[in-house]
Amino acid sequence: MTNTLDAAPSTTAMTDTGLLILRIGTGATMLQAGLIKAFDFGSAVGFMESSGWRLPQFGAFLVTAAETLGGIGLLLGLLTPLAACAVIGAMVDAWAVNVSADAFWSQPFNVPFLVAFAAAALLFTGSGRFSVDDRAFGRSRLSARAAVGILVIGVAVAVVTWIALNGTNPIHFTSPTA
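Residues 4 to 181 in the working numbering are what the sequence shown lists, from first letter to last.
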C-alpha cells in the first residue's frame with residue numbers, strides 16, 4: 004500500500020506554490036486598490052481632505068504609489084521586501100483610518116489589517132522560487148535581521164505619515180467626539 008504522504012510533492016515546491024498564491028492574492032488586492040485611486044485621483048484627494056488630512060494631494064499620491072507599486076512588486080515577486088514594506092505602511096494607515104472613527108474594539112479587524120499581516124508574512128518568508136527575485140537575483144528571502152528592520156521601517160513610515168498628515172491618535176477606547 005502506498006502512503007499518500009510519501010507521494011506528495013516536496014515541501015519546498017508546496018511552500019513555493021503557497022507563497023505564489025499569497026503573493027498573487029495580496030498583490031492583486033493592493034494593485035486594484037492603487038489603480039482605483041490612480042484612475043479616480045480626485046476622489047482619493049477628496050476623501051483625505053474630508054477626513055481632515057493635511058496636504059491631501061500629497062497623502063493621496065503616497066497611498067496610490069504605495070498600493071500600486073507594492074501590488075505590482077508582490078504580484079511579480081519583484082523587490083518583494085520593498086513592496087511588502089510599502090504595503091505594510093499603506094495598510095497600517097488604512098487600518099488606522101478605519102478604527103479612528105469609532106472606539107477601538109467596536110469594529111472587527113478588517114481588510115487593511117489582514118493585508119498588512121499578509122505582506123509581513125511575505126517579508127519574512129520571501130517571495131519563493133516562482134518570483135522575479137529568485138530568477139533575476141538568485142535570492143528570494145532576506146535574513147531575519149533585515150526582515151525585522153524592514154518591518155520596523157514600514158510601521159514607522161505609517162506612524163510618521165499618520166502623525167504628519169493626519170495629526171490625530173487613531174486608537175481610542177470610546178467613540179470620538181466631534
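Note that the Cβ used here is the ideal one computed from N, Cα and C, for glycine as well. Owing to the predicted nature of the structure, the values given are computational and were not obtained by experimental measurement.
Can you grab the Cα-Cα spacing for the pair L182 / V135, in whole Å? The chain is shown from 4 up to 181; residue 182 falls before or after that span and cannot be answered.
May I have the straight-line CA-CA distance separating L126 from F133, to the nearest angstrom? 15 angstroms
Could you tell me the distance, in whole angstroms, from the CA atom of A47 to the CA atom of I39? 9 angstroms
Coarse secondary structure for T32, derived from DSSP in three states: helix
How many Å lie between T128 and R144 at the Cα? 6 angstroms
Any idea what DSSP makes of T18, helix, strand or coil? helix
Every unbroken alpha helix (DSSP H) inside the segment 108-153 [4 residues or more]: 114-128 and 135-140
With a threshold of 8 angstroms on Cβ separation, who are the neighbours of V162 within its own chain once the five nearest residues in sequence on each side are excluded? Beyond the five residues adjoining it in sequence on each side, V162 comes within less than 8 angstroms, by CB distance, of V95 in the same chain, given in chain order.
Measure the alpha-carbon distance for C88 versus F64 and round it to whole angstroms. 17 angstroms
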